[in-house]
Structures are given as structure tokens and as C-alpha cells.
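Asks: 1029 is the number of the first residue of the sequence shown in the working numbering; add one for each residue after it. C-beta: ideal position from N, C-alpha, C; glycine also. Quick caveat, the model's predicted, so the values are computed rather than measured. Can you keep this structure in mind? I'll have questions shortly.
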Amino acid sequence: MGDLGPGGLGVGGAAGAIPSSRPFNPNLPWGDGFNVAATNTVNISMTHDASNWTSTVGFSTHSVKNSFPLGNKNFNQAILAIELTGVSWDFGELVWENVTMVMNTTQTAWCTRNNEHNTDEIRAPENYNSATKYTSTGGKTTVSGGEVTCTIDKVVMQGPAKSSNAEFEIL
């Protein structure tokens, strides 16, 4: 994760100073106000069963789970977003490393595209509404056991292009 300065990242809602005695803000509707300091590595996973999709956000010994009653739906995109409410992006870059997505398919076109050299390369993330200044580097796909694993080495969100929010879709 990038240098967020003196504040931190609030998954699902806020960036800003983190009270050392309270790492979670229960007032936020998603992610339970999960906040991390600039030096922490965050792991995010999405799993599903017949009834629910469950997101798990964690670092160190802290984790938060949220379930959404959409078990019968398929997700067709992964979204990395920073949504700021009433504050500005003043904490520097946010770095996502080893972004890994696993899909239950043997088709790789959702992750790669054929380039001018007739070889596959990782698709560049869609910059939703041109909202974010970012760079994306490296990546690979592997197919094994009926699943495709798509890994992007690094995505650096440098800040909003126009407004106070930054959002784009990976794929």
C-alpha cells in the first residue's frame, strides 16, 4: 500500500486520521469503517455460496466481513475505488500490489487482450468516467483446474483527475 501520510485508508468510506484506540468506525455502512495505516497490507476477498456473496477485508489480526444476498448473481468486474466524503485527497498515492482475481472459467479474454505482436497482455483497467490519475504495470494469467487466475503486478492511484473521488474498474 502507498504512503497515505499521517492518515490512513478507510475501506468503504473514509480516509483520514485514525484514532489509535479505535481502528473501526461502526457508523459507516459498508466495511464497518475498516481503517488501516499507511504501512499495512490489506487483503480483500470475495466468496459466494447459493445465498450470499461475502467480502472479507483484513490486515494483521483485524478483519471485517459483510454479506450481500446476491448468491445467485455473477460478478463481472472488480472495482478498486476511493470515495471521499467531505474531505480532499491529500494523502498521496494509493498502491495496490499483486491484484489477483480468480474466475471459474478457462477463457482468458476477460483478463488479457491480443496486442500488435499477436501475444496476450493484461488488459488495462477501465478508468471509470476518467476519474483517476493512475498507472498499471505488469501482470499474467494462468489456467489451472478450470479456473483462470489474473494477476496485475501493481496499480498506483495517484489521485482524482477531476473531482474528490477516484474510481475505476479492473476489467
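State the start and end residues of the unbroken beta strand (DSSP E) segment that holds GLY1086.
Replies: As a position in the sequence shown, residue 1086 is number 58, starting the count at 1. From DSSP, the beta strand (DSSP E) with GLY1086 extends over 1081-1087.
Asks: With 16 as the cutoff for other CB atoms within 10 Å, does VAL1115 come out buried or exposed?
Replies: As a position in the sequence shown, residue 1115 is number 87, starting the count at 1. It is exposed - the Cβ of VAL1115 has fewer than 16 other Cβ atoms within 10 Å.
Asks: Can you name the start and end residues of the beta strand (DSSP E) that CYS1178 belongs to?
Replies: Indexing the sequence shown from 1 puts residue 1178 at position 150. Element bounds for CYS1178: 1175-1188.
Asks: DSSP has LEU1122 in a bridge; who is on the other side?
Replies: Position 94 of the sequence shown holds residue 1122. In the DSSP output, where bridge partners are listed per residue, LEU1122 has MET1185.
Asks: In this structure, how does DSSP classify ASN1053 when only helix, strand and coil are distinguished?
Replies: Position 25 of the sequence shown, counting from 1, holds the residue named residue 1053. In this predicted model, ASN1053 has a pLDDT of only 41, less than 50, meaning its place in the structure is not dependable; the value taken from the coordinates is given anyway. Note: ASN1053 maps to coil in three-state DSSP.
Asks: Quick one: measure Cβ to Cβ for VAL1176 and MET1131, integer angstroms, because I've assumed they're closer than 8 Å.
Replies: Here residue 1176 refers to the residue found at position 148 of the sequence shown. Here residue 1131 refers to the residue found at position 103 of the sequence shown. Right, their Cβ atoms sit about 5 Å apart.
Asks: Pull up the distance between the alpha-carbon of ARG1151 and that of GLN1135, whole angstroms please.
Replies: In the sequence shown, counting from the first residue as 1, residue 1151 sits at position 123. In the sequence shown, counting from the first residue as 1, residue 1135 sits at position 107. For ARG1151 and GLN1135, the distance between alpha carbons rounds to 14 Å.
Asks: According to the Cβ coordinates, are SER1091 and THR1084 closer than 8 Å?
Replies: Residue mapping note: residue 1091 aligns to position 63 of the sequence shown, counting from 1. Residue mapping note: residue 1084 aligns to position 56 of the sequence shown, counting from 1. Cβ distance < 8 Å, so SER1091 and THR1084 count as in contact.
Asks: In this structure, what does DSSP give as the bridge partners for SER1095?
Replies: Working through the sequence shown from its first residue, we reach residue 1095 at position 67. For SER1095, which the question treats as bridged, DSSP gives the partners THR1082.
Asks: If we ignore side chains and look at the alpha-carbon of each, how far apart do GLN1186 and SER1172 end up?
Replies: Residue 1186 sits at position 158 when you count from the first residue of the sequence shown. Residue 1172 sits at position 144 when you count from the first residue of the sequence shown. Their Cα atoms are separated by approximately 34 Å.
Asks: Mind checking who THR1160 pairs with in its DSSP beta bridge?
Replies: For this step, residue 1160 is matched to residue 132 along the sequence shown. Answer by DSSP bridge pairing, in chain order: PRO1188.
Asks: Could you tell me whether the Cβ atoms of PHE1096 and THR1069 are closer together than 8 Å?
Replies: Position 68 of the sequence shown, counted from the first residue, corresponds to residue 1096. Position 41 of the sequence shown, counted from the first residue, corresponds to residue 1069. No, they are not a contact pair.
Asks: Do you know offhand how far GLY1166's Cα is from LEU1108's?
Replies: The residue labelled residue 1166 in the question sits at position 138 within the sequence shown. The residue labelled residue 1108 in the question sits at position 80 within the sequence shown. One C-alpha to the other measures close to 17 Å.
Asks: Could you spell out where the beta strand (DSSP E) holding LYS1168 opens and where it closes?
Replies: Here residue 1168 is taken as the residue at index 140 of the sequence shown, counted from 1. Where LYS1168 is concerned, the enclosing beta strand (DSSP E) stretches over 1168-1172.
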